[in-house]
Amino acid sequence: MRGSVYIYILVMALVTYLIRALPLTLIRNKIENRFIRSFLYYVPYATLAAMTFPAILYSTGEMAASAAGFAAALILAFRRKSLIVVATVASLAALLVNLLIMYL
Amino acid sequence: MNVTSAGQFAGLTVIAQAGTYFEMAILQFIVNLRYLLMSAALSQKLSPDTKTVHRLGIAYGVTDEIFGISIARKGLLDPRYSYGAILAAVTGWVGGTVLGASAGAILPEMVVSALGIALYGMFLAIIIPPAREERPVLIAVISGMALATVCWYMPGLRSLSQGMRIILVTVVVAGICAVLWPVGDEKAE
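These protein sequences, in sequence, are chains E and V.
1 is the number of the first residue of the first sequence in our numbering; add one for each residue after it.
1001 is the number of the first residue of the second sequence in our numbering; add one for each residue after it.
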């Protein structure tokens, strides 16, 4: 079967949007069930942690540089620095280590 | 039209192989499953009075990045905050794509690859401070990273797509934490 590219794109758009829109529109009130409420409370931390590590080690193409960036980000995040500061310094640390590797 | 890069890559494959529309729908459902969890979590940060039209607007912007910064906000989420974030992000994505094509040639490759870590740095800035405050959150963060590492390297689990691995880790870790340390009424907002 060879369908229209536009219908493929429409199906993609519809599914990707509905999967986000349905929970937000259907769950209108605070969930009463304590387990589900607790589960959803932990979802952001679990999911962002799982997305970050170990993927962060492969994020700059050079594991030593990534590890330096990761360490810098951990220290600054621990000190409650803003998102921009943590992201920027992590990048700078990775760049620095990359330069050291190249010129030493 | 839709903002999900993994989904777009996978979708192209279905079109190239002339798959059915149903295959496309199932594939997109699986690739996007973690946003179902994110949207459900985000629903608890909205005031029950939030209008449907605003809920539909916020839904458009449920991506890793915007979800991250929305969760980082204290208290209830104002739809206007989401709209601002979507506007900034879409401008950045489109502008970045246009610039990227030319800047890739201008910026040294080393700088471009160093920037690859920025998103993860942002995620860490979101999850680490609350992990300092609450022991269960700290355990969720550490065990999430540990389990993701196991899934990343272990034969069998390794063959799952990254999206599926993240869902697996999220469900297991959030499930166990919810059983061990259920949150009270005051915290869940």
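Here a beta-carbon is modelled for each residue, glycine too, at the ideal position from N, C-alpha and C.
Query - Simplified DSSP state of L1107 of chain V, which is helix, strand or coil - result: The answer is coil: DSSP assigns L1107 of chain V none of H, G, I, E or B.
Query - Per-residue DSSP class, three states only, for G104 of chain E - result: In the sequence as displayed, the identity of residue 104 of chain E is Leu instead of Gly. Three-state result, L104 of chain E: coil.
Report task. Report yes or no: is there a C-beta of chain V within less than 7 Å of the C-beta of N98 of chain E? Result -> For N98 of chain E, the answer is yes, since a Cβ of chain V falls inside 7 Å of its Cβ.
Requested in this report: Could you pull out every residue in the same chain whose Cβ sits closer than 7 Å to the Cβ of A1188 of chain V, ignoring the five residues on either side in sequence?
Outcome: A caution first: A1188 of chain V carries a pLDDT of 45, below 50, which makes its placement in the model too unreliable to give a value.
Query raised in the report: chain V beta carbons: is any one of them nearer than 7 Å to that of L108 of chain E?
Result: The question about residue 108 of chain E has no answer, for chain E in this structure spans 1 to 104.
**Report entry** Within 7 Å, strictly: CB atoms of A50 of chain E and G1068 of chain V
**Finding:** Not in contact: A50 of chain E and G1068 of chain V (Cβ atoms no closer than 7 Å).
Query raised in the report: Do P44 of chain E and A1071 of chain V come within 7 Å of each other at the CB atom, strictly closer than that value?
Result: Just to set this straight, residue 1071 of chain V is Ile in the shown sequence, not Ala. Contact flag set, yes.
Report task. Note down, in chain order, each residue of its chain lying with its Cβ closer than 8 Å to the Cβ of I1066 of chain V, except the 5 sequence neighbours on either side. Result -> Closer than 8 Å at the Cβ level, and outside the excluded window around I1066 of chain V, lie S1082, A1085, I1086 and A1089.
**Report entry** Range of the contiguous alpha helix (DSSP H) that encloses T16 of chain E
**Finding:** Bounds of the alpha helix (DSSP H) holding T16 of chain E are V5 to L26.
**Report entry** T1020 of chain V burial status per 10 Å Cβ neighbour count (16 or more: buried)
**Finding:** Exposed: under 16 other Cβ atoms inside 10 Å.
Query raised in the report: How is the alpha helix (DSSP H) around T1063 of chain V delimited, first residue to last?
Result: Where T1063 of chain V is concerned, there is no enclosing alpha helix (DSSP H), given that its DSSP letter is neither H nor E.
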